[in-house]
Each structure stands twice: as structure tokens, then as C-alpha cells.
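Residue numbering for the sequence shown follows our numbering, beginning at 627 and increasing consecutively.
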Amino acid sequence: MWRSPGRNQRYISGGAPAAKHPIGDISCDRRHCPRTGVGGTRVRSALRNVVAARHRWPGARHALRHRCPNRSLDPITGGTEGGPVDDDVAARTVVDKLLPGRLRSLQRVSGVPVVFGGSTRPGRTGRELVITRLSGTLSDSLQDLAVHSGRGLGGAVLSRGMACRVNDYASTTTITHEYDRIVVGREKLTSIFAVPVVVRGTVHAVLYGAVRDTQPIGDRAVRTAGLIVGQMQREADDLLRAEERRKASPSPSPSPSRTALDDLAALIRGTTDPSLRERLTRIQRGLGGRPEPTAGDVACLAPRELDVLRLVAVGASNVEIAGALGLSPQTVKAYLRTAMRKLNVHNRTAAVHAARIAGVL
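Right under this line is the structure:
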């Protein structure tokens, strides 16, 4: 934790001690910062506003790092400009973008009635989790709940960096019980699992699944959660790498042929004449484009075919899908074949892409 150099305690103008900010001991007076003239009160006010906005950069950079002569570290995480702070914010932004879709997939595929989760941020005693996404809960009591490292089930996941499951939250002795009033009292949850999303060595989010039954959550649901989180981690890393490449070199403009195919696909979507649509689709296929599935094709997908495609979308193999859904690998292959035929594609990746375009994944 950074403190102003010199005496043990710095004072702001007026002689009163500088109040500690919730994130750390940040005290600075006008005399200590002659170049900018920013006093401790204004710094703390700016920090509160920045924290409330989830540290969006670079507009808040001057408020967070006002460059005192003896201070070059960020007051929140201790990182330097363009270093750990920027990387952490970028990873959190990517994870926040992926989180809602992955929670929906977890609920649909695993069958657990309650899912929730959120991203993490630096805290005074390590990383802390803030729950922002809920589905299947009885109230909004979990919304914006801050979970500290080592506290409760989520805190255990943060400190250990690995998935945890409890069969009876209220009576388990492997976690602390600061959040029982909400988890047990208000939400009536019994068996819960939590899985960390680790991106570049840091836990950036935690996904939960829970039930209110006397029967504990089974291994199949936990395996499914692991598959979904694994794909989420890979996607987050890919997005971060793509953003790094984009910043390093200007992105090329799309080729004229790609633009023309996109315009043709949009024209096909907006055409109501069946004969004209068929002719345009033939032209699109002849030019190397991929025809989109019709609404009728997507409507014919069976529920199990959709379940298989959802797990294919998160990178699961046929054997993993079979284990998650309680099917044989041969049955999984059969579902994939029928789904690909209905969507007019020839491989599993294209089937996922077509289903996403149609809005069912």
C-alpha cells in the first residue's frame, strides 16, 4: 500500500488528517503536488467517481495518477501506466461482455435452476468478486454483492483459483458463512458450485450454479460448467490478443468481395419473394458465400440437437458432450448430423455459426 513520503501521516489543507479512501490510504496535499495543484480531497472525490464507473480509461487516468514527483504507481493496483492496470481493465471488460451468454448456456445445458456470477476487481486484501448477473433467483438480494477473497464459497474460489462445490451450504465447514443471511435465508439455496474464469493467470470472474433441493448438484452439471468456463477463457484470451494486434497495427479494410457478399446476404434476408430469394441464394453459393438457414429450418431443430450445438459452441468434444448430457457418443453424432442437414451446412463449426445467425444460440 502506497503512502506519501516523509512523515508517517500527511495532512490536507486546514490541518485535519486525510481520511482513508476505501481502496487504500491515498493522501496528498497541495504542497506535495506543486505541478498540478491537486489536493487530497479532490483526489479522493475523483477516485470515487472513477471506481463507480469501473475505472474506465483513459479519461480518468489524470484523476487516478496525477503524477506527484515521488509517485509513479497507480493508487488502486500499484501498476504503471500501460501496464497491469490497463491489462486488468481490458480483461475485465472482455469477461463482462462474455459473462451473460455463458451464464445462459450454463443454465440451459446443465439444468441447474439458479445461476449467477460476476467479474472481479482489485481490492484492499486481494481480488474481490462483485455479483452482477442473476437468473432464477427469488430476489435481487445477490445483486452487486461484493465477495471478498477467502469469504464464503466465492471467496474460497478466489483464493484457491479452482472450482468448489458444497452439498449443503448452510452446514458445510469448508467455507466461512458471512453470506448465509442472503444465500440461505433469502434465496433458500442448498447445493452450490462455483467455477473461476482464469484469464492470463488471474481469476477475472466466477460462475455459480445452485439448487434449492435436498439432492446435491451432480458431477455432470459441474463438468458442463467446466467446459463452458474453459471455452470462455479461450475466447477471452483470443479477444485480448486480437485487441493487442489491432492496437499494434491498423486493421485492413474489408475486401470488396467480402463486402459484396455481406450486401448480398442482407438482400436475401430482406427479400420476401421466394423465387427471387432462391435465385439470389444460388448466386451467393456460386460466389463462395454461405447461405443462411431459413426460419423453418431452425424451428425444426429438436431440443436435444440444440443442447448438442450449445456444447459444440463452447468447444466440447463428442465424448465430453455425451458425458455432459448422459448420451452415448454415437447418439451425439446422430444429433449433429441431423442438425447440420437441417441447417444446410457440412461441419459442426458451420452448424454453430448458422444457429447463432438464426438467433437460437
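C-beta: ideal position from N, C-alpha, C; glycine also.
Predicted model, so just to flag it, every value in this text is computed and none were measured.
Membership of G835 in the beta strand (DSSP E) is indicated by the continuous run 828-836. The Cβ neighbour count for I909, taken over all protein chains shown within 10 Å, is under 16; the residue is labelled exposed. Here DSSP, grouped into helix, strand and coil, assigns E754 to strand. Selection T763, T751, S765, S745 evaluated against I757 yields S745 as nearest (Cα-Cα).
Counted as a single uninterrupted DSSP element, the beta strand (DSSP E) harbouring P748 occupies residues 740-749.
Sorting M788, R872, S785, G778 by C-alpha distance to the C-alpha of D794 places G778 at the top. Scanning the region 755-788 from its first residue to its last, the whole beta strand (DSSP E) runs of 3-plus residues come out as 772-774.
In the DSSP assignment, R872 falls within the unbroken alpha helix (DSSP H) covering 845-874.
The three-state secondary structure of P842, taken from DSSP, is coil. Within the model, the alpha-carbon separation for G852 versus Y834 is close to 11 Å. V792 has I818 as its beta-bridge partners, per DSSP. Contact between V735 and L937 is confirmed by a C-beta separation of about 6 Å, below the 8 Å threshold. Cβ-Cβ distances below 6 Å link T828 to nothing in the same chain once the five nearest sequence neighbours on each side are left out. Within the same chain, S767, L768, L771 come within 8 Å of I808 by CB-CB distance, once the 5 residues on both sides are set aside. Just measuring C-alpha positions, the residue of T802, A836, S785 sitting nearest S817 is A836.
When the beta-carbon positions are compared, A950 and R860 stay at least 8 Å from each other. When beta bridges are read from the DSSP output, V823 appears opposite A831. In terms of CA proximity to A891, T907 leads the group S901, A976, T907, D899. Here the alpha carbon of T798 sits roughly 45 Å from the alpha carbon of R963. Secondary structure note for E946: its alpha helix (DSSP H) is the uninterrupted segment 944-951. Cβ neighbours of P726 within its own chain (closer than 7 Å, five residues either side excluded): R759.
For I983, the enclosing alpha helix (DSSP H) begins and ends at 974-983. For the options R747, A939, E754, G781, the alpha carbon positioned closest to that of R982 is the one of A939. Looking at R747, E869, E813, K723, the one whose alpha-carbon comes closest to that of G762 is E813.
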